[in-house]
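Sequential numbering of the sequence shown, starting at 20, is according to our numbering.
Glycine included, C-beta positions come from ideal geometry on N, C-alpha and C.
Values in this document were obtained by computation on a predicted structure and should not be read as measured data.
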Amino acid sequence: MMRIAKEFTFDMAHMLDGHDGKCHHLHGHTYTLQVEVAGDLIADGSKAGMVLDYGDIKRIVKEHVTAKLDHAFAYFEENENECRIAKLLQEMDRKTVALPCRTTAEGMAMVIFDWLVPYLPVSAIRLGETPTSFCEYRGERA
């Protein structure tokens, strides 16, 4: 089995309502996303010797992840305060995306993994929130 990865960046705003630190406030990050896929090498044809064409990974991640998240306000769909902010932004025709979890790096990594699994043989998601902080998710749920 071979593992390959492609890296992406996107800018996104969020807040962690109820958090006891500064991330309680509305703020943004330039995220670094590494999508790792795993599989056997393709045996023949124009893509022989590859796990997957990096261009295919790029197209799929753009369609299913970065197009949704880039320059959006991401919010936890079950948090009343975050939903109020999202509603105001929507009324102003601003980009928002509702997530089924808090918008921590950990939660977002799990969501991104789930968004990509139907389209790619994802083995890991690494999501960097700052240049020195990242999380990795390999599909195991606690």
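Name the DSSP beta bridge partners of residue i, please?
i: Leu118; result: Phe95
i: Asp45; result: With the sequence shown as reference, residue 45 is identified as Leu, and Asp is not the correct amino acid for it. None, per the DSSP bridge assignment.
i: Leu52; result: Phe27, Leu146
i: Cys154; result: Leu146
i: Ala57; result: Arg22
Could you give the residue range of the beta strand (DSSP E) that holds residue i?
i: Asp30; result: 21 to 33
i: Leu141; result: Sequence check: residue 141 is Val here, not Leu. Per DSSP, Val141 belongs to the beta strand (DSSP E) from 141 to 149.
Between residue i and residue j, which are expected to be in contact by the criterion C-beta below 8 Å, what is the C-beta distance as a whole number of angstroms?
i: His46; j: Ala62; result: Actually they are not in contact, since the Cβ atoms of His46 and Ala62 sit about 48 Å apart, beyond 8 Å.
i: His83; j: Tyr138; result: 6 Å
i: Val80; j: Leu135; result: 7 Å
Could you spell out where the alpha helix (DSSP H) holding residue i opens and where it closes?
i: Glu125; result: 124 to 135
i: Asp72; result: Where Asp72 is concerned, there is no enclosing alpha helix (DSSP H), given that its DSSP letter is neither H nor E.
Quick one: is the Cβ of residue i within less than 6 Å of any heavy atom of the ligand ADP?
i: Glu82; result: Absent from the structure shown: the ligand ADP. Ligands present: none.
Note to self: Three or more C-beta pairs under 8 Å: does that hold for the stretch 123 to 131 against the stretch 96 to 110?
What the structure shows: no
Checklist line | Stretch-stretch touch, CB-based, cutoff 8 Å, three pairs: the stretch 20 to 32 with the stretch 49 to 61 | finding: Taking a contact to require three or more Cβ pairs closer than 8 Å, the stretch 20 to 32 and the stretch 49 to 61 qualify as touching.
Check: Does the stretch 111 to 119 touch the stretch 91 to 98, meaning 3 or more C-beta pairs lie closer than 8 Å?
Finding: yes
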